[in-house]
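> I have a structure here, written as structure tokens, and I will follow up with some questions on it.
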Amino acid sequence: MPVSQKVNTGNRIKTKYAAAITIILIGVAFQIFEIGGNEFAGFPSLGIWIIVTGFIAASIVSITAISKKEKIIDERMEHIGYKASRVTTLILILTLFLTMVIDGIQQITVRYYLFASFLVMFYILTYMVSYKIIEKNN
Amino acid sequence: MQTKIAECRKTLEMTQQDLADIVEVTRQTIISLEKGKYNPSLELAYRITKALKKRHIEDVFLLQ
């Protein structure tokens, strides 16, 4: 394993753009073939939601490409990231267990896309917080 | 682990950023190493030793 690696290089940016464009194209295909034509997550259809998601992804890639030309990720950061992932996974498992217990006491009814988005947000926030805490001690 | 990075670096009139650029890590990693909070990999230890113009790893890193 190298001591560091450079991210936000040309090839990585191109790959991220390709992924964002693919998402947009999938959304367009969903629209054309009328897959998931009903209201979804506050959008008129699933296709529109996927297209918007693709554009948001492309915007994030553009901002990253403009603001940080090259960023180094070294072995210490990888080490902290690994520890933060472990902590986050453990917290996630415990939270899901707790959610199941609460559901057993009083049934929780929430739409799947809301549950999935909360789960992703929770994972990202927990990872960010645990990364910062571990970084302070390393 | 105790290190003599700060001491050696000052002798060579090198800043933390200079050393970080030579060994291709972030400045925060150099700060952590100097404080003894982070134990580097063998490769990084070798690179730092070489950048600080020392012959042996023991000249820079001391196992307590």
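Those protein sequences? They're chains F and S, same order as listed.
The numbering of the first sequence is my numbering, which starts it at 200 and goes up by one.
The numbering of the second sequence is my numbering, which starts it at 2 and goes up by one.
Think of the CB as a built atom: it goes at the ideal place given N, C-alpha and C, for glycine as much as any other residue.
Determine, for Ser266 of chain F, whether the minimum Cβ-Cβ distance to residues of chain S falls below 8 angstroms.
For Ser266 of chain F, no Cβ of chain S is located within less than 8 angstroms of the residue's own Cβ.
> What is the rounded straight-line gap between the Cα of Ala240 of chain F and the Cα of Lys331 of chain F?
32 angstroms
> Which residues of chain F have a Cβ atom closer than 8 angstroms to the Cβ of Lys38 of chain S, listed in chain order?
Asn336 and Asn337
> If you measure between the beta carbons of Ile225 of chain F and Ile259 of chain F, is that distance less than 8 angstroms?
no
> Output the boundary residues of the beta strand (DSSP E) element that contains Ile272 of chain F.
Lys270 to Asp273
> Where do the N-terminal and C-terminal ends of the alpha helix (DSSP H) with Lys51 of chain S fall, by residue?
Lys51 of chain S -> alpha helix (DSSP H) spans Leu43 to Ala52.
> Quick one, are the C-beta atoms of Arg10 of chain S and Leu53 of chain S less than 8 angstroms apart?
yes
> Note down, in chain order, all residues in the region 27-60 of chain S with a beta-carbon under 9 angstroms from any beta-carbon belonging to chain F.
Thr27, Gln29, Thr30, Ser33, Leu34, Lys38, Tyr39, Pro41, Ser42, Glu44, Leu45 and Arg48
> Spell out the partners DSSP gives Thr221 of chain F in its beta bridges.
None; Thr221 of chain F has no bridge partner.
> Show which residues of chain S have a CB atom less than 9 angstroms away from the CB atom of Arg275 of chain F.
Chain S residues near Arg275 of chain F: Val26, Thr27, Gln29, Thr30, Ser33, Leu34, Tyr39, Pro41 and Leu45.
> Can you tell me whether DSSP reads Leu13 of chain S as helix, strand or coil?
In the three-state reduction of the DSSP assignment, Leu13 of chain S falls in the coil class.
> Can you grab the Cα-Cα spacing for the pair Tyr312 of chain F / Val319 of chain F, in whole Å?
Between Tyr312 of chain F and Val319 of chain F, the alpha-carbon positions lie close to 11 angstroms from each other.
> What alpha helix (DSSP H) runs, 4 residues minimum, are completely inside the region 260-311 of chain F?
274-304
> Using a Cβ cut-off of 8 angstroms (strictly closer), state whether Ser244 of chain F contacts chain S.
No, because no Cβ of chain S sits closer than 8 angstroms to the Cβ of Ser244 of chain F.
> Using a Cβ cut-off of 8 angstroms (strictly closer), state whether Glu203 of chain F contacts chain S.
Here residue 203 of chain F turns out to be Ser, not Glu, going by the sequence shown. It does: the Cβ of Ser203 of chain F has a partner Cβ on chain S nearer than 8 angstroms.
> Residues of chain S with a CB under 8 angstroms from the CB of Ile332 of chain F: which are they?
Per Cβ cutoff of 8 angstroms: no residues; Ile332 of chain F is ~14 angstroms from chain S at best.
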